[in-house]
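Protein chains in written order, with the numbering used here: chain W, 1 to 108; chain B, 1 to 115. The beta carbon of each residue, even a glycine, is placed where N, CA and C say it ideally should be. What follows is a set of notes on a single structure, which appears directly below.
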Amino acid sequence: GDQVEQSPSALSLHEGTGSALRCNFTTTMRAVQWFRKNSRGSLINLFYLASGTKENGRLKSAFDSKERYSTLHIRDAQLEDSGTYFCAAATGGYKVVFGSGTRLLVSP
Amino acid sequence: EAAVTQSPRNKVTVTGGNVTLSCRQTNSHNYMYWYRQDTGHGLRLIHYSYGAGNLQIGDVPDGYKATRTTQEDFFLLLELASPSQTSLYFCASSDAGLANTGQLYFGEGSKLTVL
Numbered sequence: 001g002d003q004v005e006q007s008p009s010a011l012s013l014h015e016g017t018g019s020a021l022r023c024n025f026t027t028t029m030r031a032v033q034w035f036r037k038n039s040r041g042s043l044i045n046l047f048y049l050a051s052g053t054k055e056n057g058r059l060k061s062a063f064d065s066k067e068r069y070s071t072l073h074i075r076d077a078q079l080e081d082s083g084t085y086f087c088a089a090a091t092g093g094y095k096v097v098f099g100s101g102t103r104l105l106v107s108p
Numbered sequence: 001e002a003a004v005t006q007s008p009r010n011k012v013t014v015t016g017g018n019v020t021l022s023c024r025q026t027n028s029h030n031y032m033y034w035y036r037q038d039t040g041h042g043l044r045l046i047h048y049s050y051g052a053g054n055l056q057i058g059d060v061p062d063g064y065k066a067t068r069t070t071q072e073d074f075f076l077l078l079e080l081a082s083p084s085q086t087s088l089y090f091c092a093s094s095d096a097g098l099a100n101t102g103q104l105y106f107g108e109g110s111k112l113t114v115l
């Protein structure tokens with residue numbers, strides 16, 4: 001079935017540094033959404049993309065349907081960025097597949 | 001911003017207990033979903049619905065029932081709860097499927113513990 005491989009599974013950053021999360025898809029996806037689960041357990045909507053790139057503050061996301069991947073870049077990481085990040089993608093209809101998450105810990 | 005409200009936020013029950021998780025969305029979205037999220041896993045779809053009275057089976061439906069009583073309200077029912085159902089449950093809604101520009105909007109989650 002449709003699969004999403006999310007990497008890395010865990011990531012540690014020092015404040016002020018940056019990195020990238022990635023989701024690879026086994027099939028062509030039509031849209032992708034990125035979320036962050038915060039310390040309270042809530043899922044925060046970060047980006048929705050049907051193509052191209054979007055940027056919001058220190059976060060930037062890209063989606064390439066043809067190459068079957070999406071990325072989430074974090075720059076100048078802050079302590080409040082800690083949490084678990086998920087990507088979700090859809091091929092069509094209402095079926096959505098989720099990555100297994102990236103646990104990000106930002107330390108001073 | 002879409003508003004999706006779940007209740008209760010925390011629930012503890014015993015094996016064999018009866019649990020109902022409630023979800024209400026106030027943005028007239030057609031589609032509503034129940035997911036469970038376990039450590040090390042992404043969200044897994046339990047049931048979903050595309051309108052009042054409609055119910056579709058998701059990927060991990062065993063042990064769960066659901067009912068969509070109105071466009072706003074979607075309930076997840078555990079009639080004989082088991083410890084394997086200890087999880088964090090998320091309700092979501094969307095105007096259309098994710099592939100059709102329908103972003104998912106999530107509630108704040110309901111943590112269920114089955115002893």
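- Contact annotation for Ser82(W) against chain B: no contact, minimum CB-CB distance about 16 Å [criterion: below 9 Å].
- For Asn45(W), the chain B residues whose Cβ falls inside 8 Å of its Cβ are Gln103, Leu104, Tyr105 and Phe106, in order along the chain.
- Within its own chain, the residues whose Cβ lies closer than 6 Å to the Cβ of Glu79(B), once the five positions on either side in sequence are excluded, are Asn18, listed in chain order.
- In this structure, Ala88(W) is the residue among Thr27(W), Pro108(W), Thr26(W) and Ala88(W) with its C-alpha nearest to the C-alpha of Arg36(W).
- If you ignore the 5 residues before and after Lys65(B), its C-beta comes within less than 6 Å of the C-beta of Leu77, all in its own chain and listed in chain order.
- At a C-beta separation below 7 Å, His41(B) has these neighbours in chain W: Ser100.
- Neighbours of Phe86(W) across chain B, judged by C-beta separation under 8 Å: Gly42 and Leu43.
- Contact of Gly41(W) with chain B by beta-carbon distance below 8 Å involves Leu88, Glu108, Gly109 and Lys111.
- Per DSSP, Asp64(W) is one residue of the beta strand (DSSP E) stretching across Leu59 to Asp64.
- Three or more beta-carbon pairs separated by less than 8 Å are not found between the segment 106-113 of chain B and the segment 53-63 of chain B, which leaves the two stretches without contact.
- Here the alpha carbon of Thr27(W) sits roughly 13 Å from the alpha carbon of Lys95(W).
- Rounded to whole angstroms, the separation of the alpha carbons of Gln103(B) and Asn45(W) is 9 Å.
- As the crow flies, the alpha-carbon of Met32(B) is around 5 Å from that of Ser49(B).
- Excluding residues up to 5 positions away in sequence, Ala50 and Ala90 lie with their Cβ nearer than 6 Å to the Cβ of Ala31(W) in the same chain.
- If you check the CB distance, Thr5(B) and Thr26(B) come in under 9 Å.
- Taking all protein chains shown into account, His29(B) has 16 or more neighbouring C-beta atoms within 10 Å of its C-beta and is therefore buried.
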